[in-house]
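Contents: one structure, followed by commentary.
There are 2 protein chains.
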Amino acid sequence: MLNKVLTALLGLTSGLLVATVFFADIGKQDDGASTLQSVAEKVYVPQGQKDEYYLLSSGGHSGQLFVYGVPSMRKIRTVPVFSVDAATGYGFDKHSKEMLGGYTWGDFHHPAVSETAGDYDGEFLFANDVANNRIAAVDLTYFHTADILKLPNMGGPHAGVFVTQNTEYIALPTRFARPVSDEYAALDRYDEAYKGIVSMVQFDREERKFNLAYQIVLPPWSYDLSDAGKKVSGDWIVMTTYNTEFATSNQEINASQKDRDYLVLINWRKLADQVATGDVPEVDGVKMVDPRDVEGSIFAVPTPKSPHGVDVTPDGTRFIAAGKLAPLMTVFSFQKAFNAIEQGKFAGEEFGIPVIAYEDVLEREVDPPGALGPLHTQFDDRGNAFNTMFISSEVVKWNIDTGQVLDRKPVFYSPGHATSSEGDTVAPDGKYLIAGNKIAKDSFLSVGPSHPESADLFDISGDTMQHLVSVPVDPEPHYSQMIKADKIKTEVVYAKDENRPNSVWASKDARVERKGNEVHVYGIAMRSKYIFDAEAERPDALTVKQGDRVVFHLTNIDLDQDITHGFGIMDYDLNMEVQPGQTNTLEFVADKSGVFPIYCTNFCSALHQEMSGYLLVEPQ
Amino acid sequence: MLNKVLTALLGLTSGLLVATVFFADIGKQDDGASTLQSVAEKVYVPQGQKDEYYLLSSGGHSGQLFVYGVPSMRKIRTVPVFSVDAATGYGFDKHSKEMLGGYTWGDFHHPAVSETAGDYDGEFLFANDVANNRIAAVDLTYFHTADILKLPNMGGPHAGVFVTQNTEYIALPTRFARPVSDEYAALDRYDEAYKGIVSMVQFDREERKFNLAYQIVLPPWSYDLSDAGKKVSGDWIVMTTYNTEFATSNQEINASQKDRDYLVLINWRKLADQVATGDVPEVDGVKMVDPRDVEGSIFAVPTPKSPHGVDVTPDGTRFIAAGKLAPLMTVFSFQKAFNAIEQGKFAGEEFGIPVIAYEDVLEREVDPPGALGPLHTQFDDRGNAFNTMFISSEVVKWNIDTGQVLDRKPVFYSPGHATSSEGDTVAPDGKYLIAGNKIAKDSFLSVGPSHPESADLFDISGDTMQHLVSVPVDPEPHYSQMIKADKIKTEVVYAKDENRPNSVWASKDARVERKGNEVHVYGIAMRSKYIFDAEAERPDALTVKQGDRVVFHLTNIDLDQDITHGFGIMDYDLNMEVQPGQTNTLEFVADKSGVFPIYCTNFCSALHQEMSGYLLVEPQ
């Protein structure tokens, strides 16, 4: 049966064909109660009111975080994380440029909000960069990226990020096996020289800094997604694998041979304890623990064919795998797994890892007829699970305890992840579900060959799901977090801090200091002018010599909400923003002689157009 | 009176205070007919239906074009124009990287759709980069940037782009005066050495290429906005000026001294004829014409204080200036100007330019009580004009022939430009108006100090305007174009072209060619694999030597809508996309040794996750 599905998949010119068969009525509102009127009103948020939830969505290969409001599905903001962003000068100013570490883009898949006692606490959001092996923290007080850490030895932390229930650790399992330490090894040496690595990262909220606590070395399988346990399973993380075939080419065929791959269960607390003993080798300065050396810390459970998501139920008792190339969701019991471990009842081992028999952990298989390509499971507050089906383009609602399928609704089209409101917490609230779709086809006005992605919003508060709206979204939605609006407490102005390095708060203190061929400006941006040098005939003009290194420190002394100033230097490809109360620094070498207008790039006032100055670079 | 307004402006900590005074009831729907229900339905576009209009909006300092659907106001797409864009690999692949010319960002203010007989023809959209002096053409068949031209001698083409009625020329007047030829000249030499320049650009639709036809040299005033004439005024362009004070510092004060600045009328046909004679000097290879040498080609008209917009009425008979620092709109008559010119009736001259007396061109002043900060004028199909008021945060509707104010509605908040449906054409259709706002304050869920910008959509088909919805928008909306959906004809797949250079259409033809230290891959991207070398043991692995120059030419042979493939190379900060039927090239030096996974970054199929390969770089 499983191979039949795979064969069907490989033979299709598009998985969408399958969807068409199952949903001939696609595009119609099939819920009798969903009149246009009521649906339109449900997503309309009038001026003066606000959305109920933040949707914090991965931007995929844009590298950025997208913030939407729910239920209006209006995009509120792009928060730059892994990629340069001209709109905010991210990657241009000195601080963000250094934080990006020389990279100009990233591939951000799975956001996770920091948790306390298994609940979103709304303080930070963590993000993974699959492309360039980084993790970032976004400070949700200011909605800016606070820290980025480059992870060594990884082949793309696709299976992250997921936080433990008190954010003790952020787990990032690798997707592609690679040799560690940036070593070269031909693919013929794959089995022995290539490794699968999990990075276990800690985040210090006070210092706003990451620390790579330790790495776990694993077989060169591909790790696709993971989740952290909750409550009874709080010491565990669980991960899906594919390519347990060790294919090194044409994975489409070669990594899809086995009917079952593995779920891997890891006890992070045991490993952390082992690391704490100091009896763990270091690889390039990173503590690297082999869980096979730490008894009781790792187990494998067979699971149907190339699973994508694995998700722990809100009560922490079960984990549910979605079998991408198998048409079913599989419910596993943590308690059954613990029993087998306690009894030492294993079906064998793989790569030195004890394997628990499928049947010994299985609670049930759920196999809705015709539902193909389950990818990811979400939850409500009444014991129900929701699965996105990539191939049959639908969401399936079913009861975890009984496996009974309760409802199915089409989405438009080909959903990846789903996100329910407060969905990753111990207490999902069962209000909304959003399908993050990979394909939009002809749903929206055509913008040529590069289509938008899309999302579908459902009201899941009733017995059946109600489709509310389809919207185009920026590329590319993978996972997201939907959090109650009142859980995020923002600051809209940076507090005035006279001790902040390089800041200037009074016009008279604006000054230029020259040290050899370095020119340091300690200046002010305010409505509606720049002051670089209070003493100069023209306080908003700076004259330097060609070849000088110029450092502009600018403080925005307008301590008013929404009064951000820009700072663009013409023909120098330079721009940064200075938010209200912020000090920001732009550093460059004035290698071109001539006259270069400087102007405010971020509309700030009625006299914004007049907020300008000149950089004059005398020829050598 | 005018100085009172200015004083008020300068003294305010925020212009918003004024708005609060005039609209104590702001935030309320003040139109009795606008029940929530009817408004919500008007902007709701159900799945299976499409929006009526494209809104093609400038992205300001993001450098990009944003495409929204109207009336849903859903953002459909970012089209990268002047800035790198990780999401599409724009600025990473060889072609777009070269087209960007070394720049990574731009400041895109005013889009213009190509016109035929004064009507949007929907073929191309032109964009200006104020920051780095460029013009771009976006091909609306594919929604990609077709050409970018760097403009010499300019100080930011803010006052562009506006097209003549058959797109004969695209006019780009400069904002900041600068010395020409990248010369250095101190600000003390401003009056004599600094110039205001207008670039007159032609675009060849077949070749999809710009040509800088000629430049016009003008006084070192700042040119803010412009418009092209229509019908009777079709040979003319009209531009606003500010800083006719020649201020070189603190423009907030020093460029706001005079009660009147100028509108400049230029006869582009006369200048083009002069250029055609060949009797025009060249500066750095550009034909530069001084209109004072061409009789009847330039005139100045005084206009109230630091005007922002000037807009020609759909019938081409009048031009309307919005006096930013004067609380009124001024209607001028082309016929009156032509009469004065014919009669040689001038009030004097400025900088050698004949000045026509204000009263000799004036038709009427429109001064709605309490309306402050008019910026820009738009039109409907019934002889009415609409002005955005930056300071009093409202839109004012008035009759052009009578000056009678017909309606006023609040916006949220501080609008810059307005855009009406088909608004720049000879036949606006009077259906919708959108205010592009600079400030959102607390309209939406807070995202910290860096607020979104916003837009307000109005239904203008009735006697009074109906506010439909406020939405957050990506930064920063300046001008936009609203065009009927059926006017844009897209292609969603690139036609298969076996003669296209570097393309490969059959798996067996995929190959690697090595020439010294250059490695050229002629490969294929398809669901769900890469084929670099059909003959290799691993067709999706490429082994090179450290230091090799690697050139990947990839053709996406999936000729199906919405099946774009990505191509990311881990840790190399490289990614590009290949749209259906497209061939794209990524070129880099493999300067780091090791093993680097390659993977599809753009979700493409059920086996997308398996679409991967390896770049192996042998150490030197």
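Line by line, the protein sequences are chains A and F.
In terms of full-length UniProt numbering, the first sequence is residues 1 to 620.
In terms of full-length UniProt numbering, the second sequence is residues 1 to 620.
Yeah, the Cβ is synthetic: ideal placement off N, Cα and C, and Gly gets one too.
It should be emphasised that the depicted structure is a prediction, and the values quoted were computed from it without experimental measurement.
Asked, Found
"Evaluate residue 102 of chain A with the Cβ neighbour count: other Cβ atoms within 10 Å of its Cβ, from every protein chain shown; 16 or more gives buried, anything less gives exposed.", "exposed"
"Pick from A:327, A:299, A:197 and A:374: whose alpha carbon is nearest that of residue 345 of chain A?", "A:299"
"Identify which residue in A:287, A:209 and A:251 has its Cα closest to the Cα of residue 306 of chain A.", "A:251"
"Under 8 Å Cβ-Cβ, which residues of chain A neighbour residue 627 of chain F?", "Residue 627 of chain F lies beyond the stretch modelled for chain F, which goes from 1 to 620, so this question has no answer here."
"Which residue comes first and which comes last in the alpha helix (DSSP H) that contains residue 317 of chain F?", "Neither: residue 317 of chain F is in no alpha helix (DSSP H) and is coded neither H nor E."
"If we define contact as Cβ-Cβ less than 8 Å, is residue 197 of chain A a contact residue for chain F?", "no"
"For residue 467 of chain A, which three-state DSSP category applies?", "strand"
"Below 8 Å, how does it come out for the segment 411 to 428 of chain A and the segment 340 to 359 of chain A: are there three or more Cβ pairs, yes or no?", "no"
"Flag residue 178 of chain F as yes if its beta-carbon sits less than 8 Å from any beta-carbon of chain A, otherwise no.", "yes"
"Can you tell me which of the three DSSP states residue 190 of chain A falls into?", "helix"
"Does the Cβ of residue 579 of chain F have 16 or more other Cβ atoms within 10 Å, making it buried, or fewer, making it exposed?", "buried"
"Determine the chain A residues that contact residue 603 of chain F at a beta-carbon separation under 7 Å, and present them in chain order.", "416, 438 and 476"
"With a threshold of 8 Å between beta-carbons, can residue 205 of chain F be considered close to chain A, or not?", "no"
"Going by DSSP, name the residue or residues bridged to residue 115 of chain A.", "A:120"
"In chain F, which residues lie with their C-beta within 7 Å of the C-beta of residue 105 of chain A?", "86, 573 and 575"
"Apart from the five residues just before and just after residue 596 of chain A, which ones in its own chain have a Cβ nearer than 8 Å to its Cβ?", "569, 570, 571, 572, 614, 615, 616 and 617"
"Applying a beta-carbon distance threshold of less than 9 Å, which residues of chain F neighbour residue 460 of chain A?", "Result: empty, since nearest Cβ-Cβ is about 18 Å, beyond 9 Å."
"Within the 8 Å Cβ cut-off, does residue 31 of chain F reach chain A?", "For residue 31 of chain F, the predicted structure reports a pLDDT of 46, less than 50, and the residue's modelled location is therefore unreliable. A value from the coordinates is still provided. Not closer than 8 Å to any Cβ of chain A, the Cβ of residue 31 of chain F fails to qualify, so no."
"Would you call the segment 418 to 435 of chain A in contact with the segment 56 to 63 of chain F, where contact means no fewer than 3 C-beta pairs closer than 8 Å?", "no"
"Alpha carbon to alpha carbon, how far is residue 408 of chain A from residue 113 of chain F? Give it in angstroms, no decimals.", "44 Å"
"Please identify, using Cβ separations under 8 Å, the residues of the segment 92 to 116 of chain A that lie next to chain F, in order along the chain.", "92, 102, 103, 104, 105, 106 and 107"
"Return no unless some Cβ of chain A is closer than 8 Å to the Cβ of residue 432 of chain F.", "no"
"How should residue 75 of chain A be labelled, buried or exposed, when 16 other C-beta atoms within 10 angstroms of its C-beta is the threshold for buried?", "buried"
"Under the assumption that residue 128 of chain A contacts residue 110 of chain A (Cβ atoms under 8 Å), give the Cβ distance between them as a whole number of angstroms.", "6 Å"
"Helix, strand or coil for residue 141 of chain F, going by three-state DSSP, please let me know.", "coil"
"Among A:242, A:196 and A:304, which one has its Cα closest to the Cα of residue 610 of chain F?", "A:242"
"What does residue 518 of chain F pair with, by DSSP beta-bridge criteria?", "F:515 and F:549"
"Along the beta strand (DSSP E) that carries residue 214 of chain A, what are the first and last residues, could you check?", "209 to 218"
"Taking 7 Å as the cut-off, does the CB of residue 339 of chain F come closer than this to any heavy atom belonging to the ligand HEM?", "What this structure holds is no ligand at all, so the ligand HEM is not there to describe."
"Under 7 Å, CB to CB, which of the residues in the segment 377 to 411 of chain F have a partner in chain A?", "390 and 391"
"Using a Cβ cut-off of 8 Å, which residues of the segment 36 to 61 of chain F contact any Cβ in chain A, in chain order?", "36, 37, 39, 40, 41, 43, 44, 46, 47, 48, 50, 51, 54, 59, 60 and 61"
"Run through chain A and tell me which residues come within less than 7 Å of residue 562 of chain F, C-beta to C-beta.", "439, 440, 441 and 451"
"With the cut-off set at 8 Å, would you say residue 79 of chain F and residue 149 of chain F are in Cβ contact?", "no"
"Comparing the C-beta of residue 76 of chain A with each C-beta of chain F, is any distance below 8 Å?", "yes"
"Is the shortest distance between the beta-carbon of residue 612 of chain F and the beta-carbons of chain A less than 8 Å?", "yes"
"Compare the Cα-Cα distances from residue 492 of chain A to each of F:352, F:260 and F:441 and report the closest residue.", "F:441"
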